[in-house]
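> The structure follows.
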Amino acid sequence: MTDAPKAVLEGGPDDLPDRIVPLTAPGTDIKIPFRGGYEHFRATARHQETAEGQLPVYEWWERTEIPG
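First residue of the sequence shown? That's 1 in this note's numbering, and the numbers climb one at a time after it.
Printed below as a string of structure tokens:
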């Protein structure tokens with residue numbers, strides 16, 4: 001197990017492959033590339049107990065398309 005900060009993703013596409021992801025900077029939005037676009041998640045005040053310990057919960061709030 002690594003000590004890098006991680007977060008739990010809530011909402012968004014049901015088939016999103018990973019629900020526990022690394023954080024580049026705690027509290028900042030997370031942008032996940034997925035199916036020709038990006039799924040955007042925002043930090044909440046909540047935490048969730050996981051197999052990797054208690055992690056902050058990030059909620060899905062929008063999808064944007066990759067230009068091109």
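C-beta atoms are modelled at their ideal positions from N, C-alpha and C, and glycine is treated no differently.
Put glycine 117 into one of helix, strand or coil per three-state DSSP.
The requested residue 117 does not occur in the structure, where the chain is confined to residues 1 to 68.
> At the level of alpha carbons, what is the spacing between aspartate 3 and leucine 9?
In a straight line, the C-alpha of aspartate 3 is about 18 Å away from that of leucine 9.
> Put isoleucine 66 into one of helix, strand or coil per three-state DSSP.
Isoleucine 66 falls in the coil class under three-state DSSP.
> Kindly indicate which three-state DSSP category alanine 51 falls into: helix, strand or coil?
It is coil, neither helix nor strand.
> Would you call the CB atoms of glutamate 52 and isoleucine 20 closer than 8 Å?
Contact: yes.
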